[in-house]
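Residues 5 to 508 in the working numbering are what the sequence shown spells out, letter by letter.
Glycine residues also receive a C-beta, built at the ideal position from the N, C-alpha and C atoms.
Okay, structure first, notes after.
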Amino acid sequence: MMHFCQKLRLVLVASCFFICCFASAQLRLPALVGDHMVLQQNANVTLWGWSAPNQKIQIQVGWQAEALEATADNSGNWSVNVATVTAGGPYSIKISGEDSIELQDVMLGEVWLCSGQSNMFFPLGKDARSSWRTGIIDSEKEIAQAQLPNLRLFTVATAAAQEPLLDVKGHWQQCTPETAADFSAVAYFFGRDLLEDLEVPVGLISSSWGGTKVESWMQKEVLEQHPDFQPILDREELKQHAYKQALAAYNSAQQAGTTPPEKPKKAEANKAPYVLYNAMIHPLLNYKIKGAIWYQGESNADRAYQYRSLFPAMVKNWRDLWEQGDFPFYYVQIAPHHGQTPEIREAQLLALNRIPNSGMVVSADHGNPKDIHPRNKKPIGKRLASWALANTYSKNIAFSGPLYDHYLIKDAVIEIYFKHSNGLNIKGDALKDLEIAGADGVFYKAEAQIENDHLVVFSKAVEQPKAVRFGWKNSPEVLLFNAHGLPASPFRTDDWPQPTMHKL
């Protein structure tokens with residue numbers, strides 16, 4: 005009996021071995037390459053996957069007659085470049101090796117990456133299991149109207165990794181009320197406007213995670229190369245070392261039979277540097293995109309001055325790795341909230357001049373001082389779409405509110421000039437959160453008049469003014485708009501030191 009059991013175990017082990025070998029040799033595609041996907045139109049896109057080593061792969065795409073071929077390397081990796089045509093579909097794609105996979109309902113159109121932290125993650129619908137996923141304003145109405153078969157959605161499952169991964173978890177879906185409810189609200193409204201205006205299929209890849217810092221989305225090598233970023237890595241190393249020491253002490257006490265200290269808690273996976281790049285961005289790099297939208301910054305507010313360099317470095321990192329040049333990158337300036345310093349909004353405003361081919365949506369008129377997750381996501385997504393439609397797709401539409409450009413001191417007044425200030429106007433009787441200071445740096449409440457689409461700022465308390473600040477508080481009330489109803493960004497004209505200036 006024992007001899008029979010031993011033989012049975014050997015058979016089972018051998019069977020498992022051969023099954024694993026066979027499975028690893030099977031033709032396999034990454035999650036992004038699947039049914040219902042959108043491939044970037046009029047571009048050279050990459051299809052890739054895994055198979056047995058050195059296996060010949062044939063790829064037949066529905067928009068051309070000639071088949072393409074690739075050969076897997078010694079590790080079973082293969083890829084092929086495919087020229088796409090003008091938007092259309094649905095197409096099928098057949099990929100064959102020793103076995104075959106046929107993809108259905110593939111569309112050609114516009115593909116955008118949508119990333120950031122919780123305000124990008126925030127879904128259209130309410131999640132009863134979550135304290136902050138409260139659903140957008142009019143969520144039931146908006147979800148009911150989300151029957152848009154040519155809008156395709158892919159949500160990257162949240163994950164963190166110490167080393168770059170090759171694949172993500174997720175799948176492409178047609179936009180329906182059921183699939184839209186759990187999808188990023190900002191991304192959805194962005195994509196819906198593109199779909200309506202461009203009249204081509206639109207694919208959205210949502211890769212976001214709440215409570216995350218910008219450095220978590222960056223490649224480790226980039227952080228290592230910049231001296232100002234080294235403290236980020238040093239802090240993480242100290243955290244890991246302290247955790248390992250505490251865990252060792254806990255395990256030793258348990259083994260010795262003594263009362264152990266409280267079991268240490270490991271830091272949240274998404275808080276560490278570079279781990280989200282490894283798990284949620286690196287696996288996407290082969291997939292051709294048109295551009296990216298971004299909503300993040302809240303978790304970096306305590307190091308807002310450093311964000312001036314961190315954020316542009318992340319964008320450059322992504323662009324370098326995608327090898328598509330300076331693809332469009334549009335982002336949201338974070339909304340007013342009692343816990344968010346004005347310095348982080350300033351860092352985002354300054355990024356416009358540091359990130360080529362970029363644009364910033366001002367959300368100051370749709371924030372909630374008591375809720376870091378404002379529910380009115382529709383205008384934010386639509387404003388992002390306006391930036392893309394005007395600047396990427398050459399549509400003649402308004403896309404930005406007034407952005408501070410420069411100032412002139414004339415006797416007892418300071419004149420403030422803006423970009424995008426056509427039809428500059430104040431909502432209400434007076435402009436709030438406007439201040440003026442002299443050389444002593446003491447700010448006083450200021451008055452303003454509008455002359456030829458610029459502001460003339462003054463105060464009886466300051467006879468020789470040197471600086472103006474607008475909306476320079478955690479929760480400003482922004483009442484300055486242009487003729488298109490788009491709000492001005494908070495700003496300051498001075499560069500006097502701020503609390504986060506030396507925080508790395």
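Measuring straight from C-alpha to C-alpha, what distance separates residue i and residue j?
i, j, result
"residue 262", "residue 494", "58 Å"
"residue 143", "residue 54", "41 Å"
"residue 257", "residue 243", "21 Å"
"residue 252", "residue 241", "17 Å"
"residue 452", "residue 438", "8 Å"
"residue 25", "residue 57", "A caution first: residue 25 carries a pLDDT of 42, below 50, which makes its placement in the model unreliable, though a value can still be read off. Those two C-alpha atoms are separated by around 12 Å."
"residue 498", "residue 478", "18 Å"
"residue 265", "residue 254", "6 Å"
"residue 32", "residue 41", "16 Å"
"residue 106", "residue 98", "4 Å"
"residue 182", "residue 397", "30 Å"
"residue 206", "residue 328", "19 Å"
"residue 198", "residue 393", "7 Å"
"residue 363", "residue 267", "46 Å"
"residue 335", "residue 299", "6 Å"
"residue 185", "residue 234", "40 Å"
"residue 425", "residue 401", "14 Å"
"residue 468", "residue 500", "17 Å"
"residue 430", "residue 345", "24 Å"
"residue 93", "residue 109", "7 Å"
"residue 271", "residue 211", "21 Å"
"residue 308", "residue 302", "9 Å"
"residue 148", "residue 343", "34 Å"
"residue 502", "residue 418", "22 Å"
Assign residue i to one of three DSSP states: helix, strand, or coil.
i, result
"residue 458", "strand"
"residue 327", "coil"
"residue 509", "There is no way to answer for residue 509, as the model of the chain reaches only from 5 to 508."
"residue 156", "strand"
"residue 68", "coil"
"residue 385", "helix"
"residue 405", "coil"
"residue 196", "helix"
"residue 502", "coil"
"residue 306", "helix"
"residue 140", "coil"
"residue 489", "coil"
"residue 109", "strand"
"residue 76", "coil"
"residue 254", "helix"
"residue 145", "helix"
"residue 322", "helix"
"residue 315", "helix"
"residue 183", "helix"
"residue 245", "helix"
Please classify residue i as buried or exposed, where buried requires at least 16 other C-beta atoms within 10 Å of its C-beta.
i, result
"residue 304", "buried"
"residue 282", "buried"
"residue 133", "exposed"
"residue 151", "exposed"
"residue 446", "exposed"
"residue 412", "exposed"
"residue 448", "exposed"
"residue 274", "buried"
"residue 78", "exposed"
Comparing the C-beta of residue i with each C-beta of chain C, is any distance below 8 Å?
i, result
"residue 302", "This model lacks chain C altogether, as it is built from one protein chain only."
Between residue i and residue j, how many whole angstroms is the CB-CB distance? I'm expecting something under 8 Å.
i, j, result
"residue 122", "residue 214", "3 Å"
"residue 471", "residue 441", "5 Å"
"residue 111", "residue 154", "7 Å"
"residue 332", "residue 357", "Between residue 357 and residue 332 the Cβ distance is about 16 Å, and since that is not below 8 Å, they are no contact."
"residue 88", "residue 37", "About 14 Å separates the two Cβ atoms, so there is no contact after all."
"residue 482", "residue 368", "4 Å"
Next item on the list: Assess, as a yes-or-no matter, whether the stretch 274–292 is touched by the stretch 179–190 under the definition of 3 or more beta carbon pairs within less than 8 Å.
Entry: no
Item checked: the stretch 42–51 in contact with the stretch 101–119 per 3-pair CB rule at 8 Å -> yes
Note to self: With three or more C-beta pairs closer than 8 Å as the rule, is the stretch 457–466 touching the stretch 309–328?
What the structure shows: no
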